[in-house]
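J.: Sharing a structure here in structure tokens format.
Rendered as structure tokens:
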């Protein structure tokens with residue numbers, strides 16, 4: 010049996026539909042239930058529903074054999090897992106954004122509000138910019154509006170929230186999408202099953218793209 014960590018929420022719903030289309034259906038999983046663990050009728054797969062930011066932790070530590078997680082989380086926490094496939098779901102961007110009209114003063118330490126501390130540090134180290142990190146967990150867009158920060162580093166999907174708050178993207182750091190990851194030890198012992206799932210998922214994605 011393959012143990013699969015699925016992210017709760019919209020991405021998890023999309024991933025589950027893809028997996029079901031690839032032959033890994035578990036009808037019970039999305040019924041009106043509060044259960045967090047579900048098995049397929051043929052006992053080939055077991056799904057765990059977990060917080061998106063925790064998926065990689067479950068996989069890295071072997072509680073799940075495989076999982077689906079955003080590239081942002083992989084780059085922020087750098088878990089010791091195999092990244093096997095880009096599912097192309099949940100596409101968005103990691104960006105630097107600021108208030109419209111903001112002018113960067115290079116001789117002053119840049120105040121950066123973000124919940125992606127490691128990503129921000131690596132990005133600014135790479136361009137040789139001195140920064141002060143302000144770690145926030147939500148409503149990042151408020152920080153430059155209230156003068157708490159000069160810029161933010163955050164995920165941007167449509168850009169609507171930025172626009173409504175008089176902010177705009179200054180730099181795109183990297184694109185983000187959902188990735189299929191595997192526990193390294195599990196891949197040694199269940200590699201054939203994992204590879205078969207990857208193959209089925211690729212076929213399902215191609216089928217959807219051609220529909």
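In the working numbering, the protein residues as written are 10 to 220.
Don't be surprised by glycine CBs; every beta carbon is placed ideally from N, CA and C.
Here the structure is a predicted model, which means the values were calculated and not measured.
So, do the stretch 185-197 and the stretch 126-141 have three or more beta carbon pairs nearer to each other than 8 Å?
T.: The answer is no - the stretch 126-141 does not touch the stretch 185-197, with fewer than three Cβ pairs under 8 Å.
J.: List the endpoints of the continuous alpha helix (DSSP H) containing residue 181.
T.: Residue 181 -> not in any alpha helix (DSSP H); beta strand (DSSP E) instead, spanning 176-185.
J.: Count the other CB atoms within 10 Å of the CB of residue 183; is the residue buried (16 or more) or exposed (fewer)?
T.: Counting Cβ neighbours within 10 Å, residue 183 comes out exposed, since fewer than 16 surround it.
J.: Can you check which of these residues, 15, 90 and 80, is closest to residue 70 by C-alpha distance?
T.: Here the closest residue by C-alpha is 90.
J.: Drop a sphere of 10 angstroms on the beta-carbon of residue 10, count the other beta-carbons inside from all chains shown, and report buried for 16 or more, exposed for fewer.
T.: Exposed, because fewer than 16 other Cβ atoms sit within 10 Å of the Cβ of residue 10.
J.: Relative to the alpha-carbon of residue 21, which residue among 156, 67, 77 and 191 has its alpha-carbon at the smallest distance?
T.: Per the Cα distances, 77.
J.: Taking Cβ to Cβ, would you say residue 109 is nearer than 7 Å to residue 186?
T.: Result no, Cβ atoms of residue 109 and residue 186 do not sit closer than 7 Å.
J.: In angstroms with no decimal places, state the Cα-to-Cα distance between residue 67 and residue 15.
T.: Each residue's alpha carbon lies about 10 Å from the other.
J.: Residues bridged to residue 26 by DSSP?
T.: DSSP, once it has assigned bridges, lists no residue as partnering residue 26.
J.: From residue 48 to residue 33, what distance separates their C-alpha atoms?
T.: Each residue's alpha carbon lies about 10 Å from the other.
J.: Can you tell me whether residue 118 is buried or exposed, with buried defined as 16 or more other CB within 10 angstroms of its CB?
T.: Exposed.
J.: Looking at C-alpha atoms only, which residue of 23, 203 and 120 is the closest neighbour of residue 191?
T.: Checking every option, the nearest Cα to that of residue 191 belongs to 203.
J.: According to the neighbour-count rule (16 or more other Cβ atoms, all chains shown, within 10 Å of its Cβ), is residue 226 buried or exposed?
T.: As shown, the chain starts at 10 and ends at 220. That puts residue 226 outside it, with no answer to give.
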